[in-house]
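For the record, the sequence lines run as chains A and B.
Here numbering that gives the first Met the number 0 is used: position 83 in the first sequence is 82, and no number is missing along the way.
Here numbering that gives the first Met the number 0 is used: position 16 in the second sequence is 15, and no number is missing along the way.
Here the structure is laid out as structure tokens; the discussion comes afterwards.
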Amino acid sequence: MSRLKSAKEIPIGGLIDEAGSSRKFKTGDWRSFRPLIEESKCINCMMCDVFCPEHCISVKEDGKRGEIDLDYCKGCGICANVCPVKCIKMEEEAKFIK
Amino acid sequence: MYKDGRGGKVHKMSKTTAMTGAESAAEAMRQINPDVVAAYPITPQTAIAQNFANYVANGIVDTELVRVESEHSAMSCCVGASAAGARVMTATSSAGLALMWEIVGVAAGLRLPIVMEVVNRALSAPINIHCDHSDSMGTRDLGWIQIFSENAQEVYEHTLIAVRLAEKLLIPAMVCQDGFITSHGVENVEIFDDEGVKKFVGEHKYPYGLLDIKKPVTHGPLQLQDYYFETRSQQIPVMEEAKKEFVKIGEELGKITKKKYPLFDEYEMKDAEAVIVVMNSTAGTTKTAIDAMRKEGKKVGLLKLRLFRPFPYKEVSDALKHVKKIAVLDRSVSFGANPPLYSEVKNGLYDVKYTGKLHSCVFGLGGRNIFVEDIIGVFNRLLDGKLKDHDYIGLREE
Ligand code: SF4
Ligand code: SF4
Numbered sequence: 000m001s002r003l004k005s006a007k008e009i010p011i012g013g014l015i016d017e018a019g020s021s022r023k024f025k026t027g028d029w030r031s032f033r034p035l036i037e038e039s040k041c042i043n044c045m046m047c048d049v050f051c052p053e054h055c056i057s058v059k060e061d062g063k064r065g066e067i068d069l070d071y072c073k074g075c076g077i078c079a080n081v082c083p084v085k086c087i088k089m090e091e092e093a094k095f096i097k
Numbered sequence: 000m001y002k003d004g005r006g007g008k009v010h011k012m013s014k015t016t017a018m019t020g021a022e023s024a025a026e027a028m029r030q031i032n033p034d035v036v037a038a039y040p041i042t043p044q045t046a047i048a049q050n051f052a053n054y055v056a057n058g059i060v061d062t063e064l065v066r067v068e069s070e071h072s073a074m075s076c077c078v079g080a081s082a083a084g085a086r087v088m089t090a091t092s093s094a095g096l097a098l099m100w101e102i103v104g105v106a107a108g109l110r111l112p113i114v115m116e117v118v119n120r121a122l123s124a125p126i127n128i129h130c131d132h133s134d135s136m137g138t139r140d141l142g143w144i145q146i147f148s149e150n151a152q153e154v155y156e157h158t159l160i161a162v163r164l165a166e167k168l169l170i171p172a173m174v175c176q177d178g179f180i181t182s183h184g185v186e187n188v189e190i191f192d193d194e195g196v197k198k199f200v201g202e203h204k205y206p207y208g209l210l211d212i213k214k215p216v217t218h219g220p221l222q223l224q225d226y227y228f229e230t231r232s233q234q235i236p237v238m239e240e241a242k243k244e245f246v247k248i249g250e251e252l253g254k255i256t257k258k259k260y261p262l263f264d265e266y267e268m269k270d271a272e273a274v275i276v277v278m279n280s281t282a283g284t285t286k287t288a289i290d291a292m293r294k295e296g297k298k299v300g301l302l303k304l305r306l307f308r309p310f311p312y313k314e315v316s317d318a319l320k321h322v323k324k325i326a327v328l329d330r331s332v333s334f335g336a337n338p339p340l341y342s343e344v345k346n347g348l349y350d351v352k353y354t355g356k357l358h359s360c361v362f363g364l365g366g367r368n369i370f371v372e373d374i375i376g377v378f379n380r381l382l383d384g385k386l387k388d389h390d391y392i393g394l395r396e397e
């Protein structure tokens, strides 16, 4: 976590004076369930990416589905819900803590 | 400069016309020519919006007049327009101000320099359309600059100052006047020439306009335990600056009007033994009472606040500390607590270790008349030591 800024260092009125700053807001630490994709079943339809509210499932150069960016995946499970071949499983995050 | 009937130019720097406080507010708005005005009718404010709507309809101003469905919407519209970078004004009274309360706080929190005419009227219940200050007082802690005006002339001039002040510090400002007494009472008002006033008001250059695509901004994001406190705290020192800026901007306006705009006016204060502190139109009544009493050799005076928010604690206390007897007249109450103006004056006097006698007088709720004789009565009782610590003027108590 970076140092929190003081009252004198932040813009007035709570406004955000730069574009694209939501990148700095890593929603990944909200996650209590992690999506796991069963690669062999995936048909690369991209439904998961379209519906992901964080837009954190990447699309590769060849047009195929890429990795899920866990810095931003908040574990909502929408991807698992919309996947037409049901190849995404939501696994409890606690299992990944070493 | 004014055009005469034949299209010639009359070289006069001002003209004096009979008008109401509502008209003088609308006249200031005409000269300011705001980009957006959003308002909803409510007695006695309606006269301002109505007069201004005429200017819009007749093409005298280029304002976008938004006829909203409530005051909550009026202030919401003002917030949106102001965040977009527009110069924005509105007007309201009583229940209207109460209904917009939520967004009044938003405007201040977002640091949007909206200017609002508030025509002071009692809050319900019982329902009442006449003057008291409970509407403005209900918003006194929301982060707006509050300027109170004795008469239609001050309404006009305070409105011009308010626009500059709000836009300079990015704090919204309300200009208050007494409902009906000032808003509908006709008096002579000197309106200064358009050119000079327009130059004084200048252009609004808002640095965070939503429509500036070269500098993208987000207004009103969520801030929780980590940043809300810091953001809110920024409103404290900037309010302190508002006192200095009010005087500075007032001095600039004074070059046009040849008048002074102090934080408060002192009338016959120099050797005064008994002083009344009051705001808005009753200050005028008090001056008349003082003139009469001075002729009888009674040493009485007045301190009339213009700026209530930010409250000039130190300046007021310094002006009052040597006065033996003070009565603070409030046209509103704070149930279960001291009345607002009295409270502030007393607060400030603690810091200067005041040893005189300070009284609270509540008067005029719901438009109950206050006459020169009433004020003379207060002064006499104050001088004779007969005024109660907490007195009520003109109330049938028993
Ligand atoms: S769980 Fe939610 S946030 Fe994470 S990848 Fe799926 S849709 Fe996106
Ligand atoms: S929705 Fe399912 S099948 Fe489609 S790309 Fe995503 S994981 Fe693969």
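Don't be surprised by glycine CBs; every beta carbon is placed ideally from N, CA and C.
Helix, strand or coil at residue i [DSSP, three-state]
i, result
"L394 (chain B)", "coil"
"D68 (chain A)", "coil"
"C360 (chain B)", "strand"
"I41 (chain B)", "coil"
"S5 (chain A)", "coil"
"K85 (chain A)", "coil"
"I275 (chain B)", "strand"
"Q176 (chain B)", "strand"
"N346 (chain B)", "helix"
"D34 (chain B)", "coil"
"P98 (chain A)", "This structure gives no information on residue 98 (chain A), because the portion of chain A shown stretches from 0 to 97."
"F50 (chain A)", "helix"
"N368 (chain B)", "coil"
"I113 (chain B)", "coil"
"A48 (chain B)", "helix"
"H389 (chain B)", "strand"
"L141 (chain B)", "coil"
"K214 (chain B)", "coil"
"N53 (chain B)", "helix"
"T16 (chain B)", "strand"
"Y353 (chain B)", "coil"
"L209 (chain B)", "coil"
"K313 (chain B)", "helix"
"A21 (chain B)", "helix"
"G300 (chain B)", "strand"
Minimum Cβ-Cβ distance from residue i to chain B less than 9 Å
i, result
"K4 (chain A)", "yes"
"A93 (chain A)", "no"
"H54 (chain A)", "no"
Neighbour flag for residue i against chain A, beta carbons, 9 Å
i, result
"Q222 (chain B)", "yes"
"E101 (chain B)", "no"
"S232 (chain B)", "yes"
"Y391 (chain B)", "no"
"E229 (chain B)", "yes"
"Y226 (chain B)", "yes"
Task: Proximal residues, the segment 6-24 of chain A versus chain B, C-beta separation under 7 Å - done: Of all residues in the segment 6-24 of chain A, A6, I9, I11, G12, G13, L14, I15, D16, A18 have a Cβ within less than 7 Å of some Cβ in chain B.
Task: Residues from the segment 205-218 of chain B in contact with chain C, defined by Cβ distance under 7 Å - done: Among the protein chains in the structure shown, which are A and B, there is no chain C.
Task: Interface residues of the segment 77-110 of chain B facing chain A [CB-CB below 7 Å] - done: The segment 77-110 of chain B vs chain A, Cβ under 7 Å: G108, L109, R110.
Task: Touch test, the segment 69-78 of chain B against the segment 22-32 of chain B, Cβ-Cβ under 8 Å, three pairs minimum - done: Contact check between the segment 69-78 of chain B and the segment 22-32 of chain B: fewer than three CB pairs, one atom from each, fall below 8 Å, which does not count as touching.
Task: Near-chain A residues of the segment 137-169 of chain B - C-beta to any C-beta below 8 Å - done: For chain A, the residues of the segment 137-169 of chain B that bring a beta carbon within less than 8 Å of one of its beta carbons are L169, in chain order.
Open item on the list: Contact between the segment 273-285 of chain B and the segment 372-391 of chain B is defined here as three or more beta-carbon pairs at a separation below 8 Å; is this criterion met?
Closed with: Yes: at least three Cβ pairs fall under 8 Å.
Task: Touch test, the segment 136-144 of chain B against the segment 92-111 of chain B, Cβ-Cβ under 8 Å, three pairs minimum - done: Counting Cβ pairs under 8 Å, three or more are found: they touch.
TODO: Could you tell me whether the segment 331-344 of chain B touches the segment 251-266 of chain B, where touching means 3 or more Cβ pairs closer than 8 Å?
DONE: With contact defined as three or more Cβ pairs closer than 8 Å, the segment 331-344 of chain B and the segment 251-266 of chain B are not in contact.
Open item on the list: With three or more C-beta pairs closer than 8 Å as the rule, is the segment 353-367 of chain B touching the segment 123-133 of chain B?
Closed with: These segments touch.
Open item on the list: Within 8 Å, do at least three Cβ pairs link the segment 231-239 of chain B to the segment 268-276 of chain B?
Closed with: Segment contact: the segment 268-276 of chain B against the segment 231-239 of chain B, fewer than three CB-CB distances shorter than 8 Å; contact not assigned.
Task: Validate contact between the segment 203-212 of chain B and the segment 173-182 of chain B using beta carbons, cut 8 Å, 3 pairs - done: Contact between the segment 203-212 of chain B and the segment 173-182 of chain B is absent, with fewer than three C-beta pairs closer than 8 Å.
Open item on the list: Between the segment 157-177 of chain B and the segment 102-119 of chain B, can you find at least three pairs of beta-carbon atoms closer than 8 Å?
Closed with: Taking a contact to require three or more Cβ pairs closer than 8 Å, the segment 102-119 of chain B and the segment 157-177 of chain B qualify as touching.
- [ ] Examine the Cβ distances between the segment 300-316 of chain B and the segment 242-251 of chain B and report whether three or more of them are shorter than 8 Å.
- [x] Touching, yes, given that three or more Cβ pairs across the two stretches are closer than 8 Å.
TODO: Please confirm if the segment 79-88 of chain A is in contact with the segment 42-49 of chain A, defined as three or more CB-CB distances below 8 Å between the two stretches.
DONE: The segment 79-88 of chain A is in contact with the segment 42-49 of chain A.
- [ ] State whether the segment 26-36 of chain B contacts the segment 67-77 of chain A, with contact taken as three or more CB pairs (one from each stretch) at a distance under 8 Å.
- [x] They do not touch, by the three-pair rule.
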